[in-house]
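Protein sequence lines, in the order shown, are assigned to chains R and P. When you read off a place in the first sequence, starting at 1, and then add 13, the result is the number in the numbering used here. When you read off a place in the second sequence, starting at 1, and then add 428, the result is the number in the numbering used here.
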Amino acid sequence: MSRTAIATAPLSIEAVTKVYPGDVRANDEVSLEIGAGRVFGLLGPNGAGKTTLVNQVIGQLRPTSGSIRLGDVELSADAGAARALCSYLPQQSPPIQSLRTRFAIELVARIRGVDRERARARAEELLATLELEPWADQLGSALSGGVQRLVGFAMAAAAPGRIVVLDEPTNDVDPLRRRLLWREIRRLADGGSSVLLVTHNVLEAERAVDELAVIDGGRVLASGTPSALKRDARDSVRLVVSLEPEAGVPSVPAFGDQQSVTGRRLTVVLREADAVHALHWARALVEDGVAEEYELGATTLEDSYARLVGPAADADHASAEEVPVA
Amino acid sequence: MTTQHIDLDASSTNRGWTAPRVDGVGWWLRSYLLMLRWELANLRLVLPVLLIVQIALYGGSVIGLGFFYDVVPSEQALYFATGGTLLALITVGLTFVPSIIAQRRAEGSHDYQWALPVPRVAMLLATLTIFVAVSAPGATVALVLAELR
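This is the structure:
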């Protein structure tokens with residue numbers, strides 16, 4: 014298959030099922046399509062089957078049934094082609110304990126076929142854009158978790174594949190460098206790669222991805238653009254009440270469709286028509302010394318995600334750090 | 429399983445996607461040499477311990493075997509010297525290599541490297557080459573000790 018044909022072909026995941034020994038169904042009829050130049054988010058709670066799916070895309074696992082294709086190339090039947098076409102940042106840090114940062118980035122670029130001069134130039138470019146120069150000549154064992162994560166990303170981006178798979182790239186990364194990271198992820202897509210991004214951070218995903226899928230129990234619960242996923246909550250609003258440190262959690266009147274508590278923040282999703290009642294209730298909480306303040310706003314992807322996946326996952330993800338995406 | 433022929437190269441721009449040609453002797457040799465560099469760099473953390481342990485093992489094997497006999501005829505001494513070195517090589521191979529590979533698997537680094545577009549035999553050969561090379565100082569010490577004894 015020619016480079017031109019591969020350049021525009023979408024990554025097609027068709028009815029992929031993966032059953033592990035013991036009849037553990039990690040993926041169940043998963044179907045997704047990720048276009049060239051798109052950033053696609055894969056959201057889901059722990060054990061949802063995200064990493065299993067990713068491992069099948071990069072050729073580390075074979076599906077029990079179904080197929081994964083890039084144009085005419087069936088990645089699920091040809092691990093060699095999958096390894097050539099995919100670059101990958103795993104959930105765990107890459108093995109860079111004994112490698113210096115600059116060397117690690119260059120080495121992976123060269124392994125992926127780039128000549129020495131261009132590999133060096135690309136490593137310098139990534140060191141600069143991710144602001145990693147202070148650690149350029151340090152061993153991986155001396156780096157913090159967040160910097161190791163960024164180096165791992167740089168290794169995946171050094172000579173990006175037609176498909177770039179990033180498993181939780183922002184873990185442990187500080188808020189300022191996350192902006193740089195998101196910018197580089199977008200550049201990878203602009204260069205023609207399909208970026209498949211596994212993340213736990215719903216708030217970041219909402220602003221950084223073009224499309225996403227919510228997966229749980231091995232099945233795709235919903236997929237589409239962030240706006241499309243929020244569509245069913247379009248006539249809803251969210252009220253966030255900051256509780257006083259010593260106060261208990263007040264009972265929410267009947268207008269609350271969905272509620273969750275994270276630390277001292279009580280979040281209630283309610284119908285727009287009930288907004289005035291909700292504001293009266295929240296003001297009374299402040300006057301009674303139960304709450305410090307409150308805020309009414311539009312629903313977020315996190316609310317839709319919680320509705321899809323359930324309250325346990327909501328609690329798991331509600332603490333996601335709110336970070337602006339460049 | 430054979431890899432489909434994909435007409436790709438790595439000659440795109442710095443920011444564009446790349447895909448290496450995954451066939452041919454050139455790709456195989458290049459992959460082997462690059463993995464050798466990676467393995468060499470990996471040794472940085474374990475080399476001192478590895479050298480001390482294997483020199484002790486090799487030297488100990490050659491000298492220790494001589495204690496089984498009151499007087500060792502020169503022909504038998506030659507066998508002990510070479511046999512002891514071989515036994516130590518096997519011991520090092522059966523202890524260090526599996527433990528390092530098990531450690532890599534547990535850390536996920538094994539999976540990471542296996543996801544790279546590198547022939548797996550070249551990757552294994554690179555690891556093997558390094559461990560054989562690292563065994564050389566111990567084997568030399570053992571043979572020198574045997575000669576002195």
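Where is the CB? At the ideal position from N, CA and C, for every residue including glycine.
The C-beta of P:A543 comes closer than 8 Å to at least one C-beta of chain R. R:L225 sits in a strand when the DSSP states are folded into three classes. Taken atom to atom, the span from the alpha-carbon of R:V250 to that of R:Q69 is near 39 Å. By the CB criterion at 8 Å, R:N40 and R:G231 fall inside the cutoff. Residues of the same chain with a CB within less than 7 Å of the CB of R:G48, apart from the 5 flanking positions on each side, are P23 and S207 in chain order. In the structure shown, the three-state DSSP call for R:I109 is coil. Between the beta-carbon of R:T114 and that of R:W148 there is about 5 Å, and that keeps the pair under the 8 Å contact cut. In this structure, the beta-carbon distance from P:Y460 to P:A550 falls below 8 Å. Put simply, the CB of R:P108 is near chain P, with a gap under 8 Å to one of its CB atoms.
Between P:P448 and R:G93, the C-beta gap is not smaller than 8 Å, which leaves the two residues out of contact.
The criterion of a C-beta distance shorter than 8 Å is not satisfied by R:E146 and R:L152.
Think of a sphere of 8 Å around the beta carbon of P:W466: the chain R residues whose beta carbon falls inside it are L112 and L120, in chain order. In terms of beta-carbon proximity, R:S206 lines the interface with chain P, with at least one pair separated by less than 8 Å.
CA-to-CA, the gap between R:F53 and R:A235 works out to about 13 Å.
For P:R532, the three-state secondary structure derived from DSSP is helix. Interface annotation for the segment 526 to 538 of chain P against chain R: R532, E535, G536, S537 and H538, criterion Cβ-Cβ distance under 9 Å.
Around the CB of P:Y507, fewer than 16 other CB atoms lie within 10 Å, so the residue is classed as exposed. Taking 8 Å as the threshold, the shortest C-beta distance from P:L556 to chain R does not fall below it. With the criterion set as a beta carbon lying under 9 Å from some beta carbon of chain R, the members of the segment 463 to 488 of chain P are M463, R465, W466, A469, N470, L471, R472, L473 and V474, in sequence order.
Close partners of P:G444 in chain R (Cβ separation under 7 Å): G204 and G205.
Interface residue (Cβ-Cβ distance to chain R less than 8 Å): P:V546 is classified as such.
R:A304 has R:L256 as its beta-bridge partners, per DSSP. Under the Cβ distance rule, P:P448 counts among the residues neighbouring chain R, one pair being separated by less than 8 Å. Contact between the segment 128 to 140 of chain R and the segment 200 to 215 of chain R is absent: fewer than three C-beta pairs spanning the two stretches fall below 8 Å. Taking every protein chain shown into account, the CB of P:F524 has 16 or more other CB atoms within 10 angstroms, so this residue is buried.
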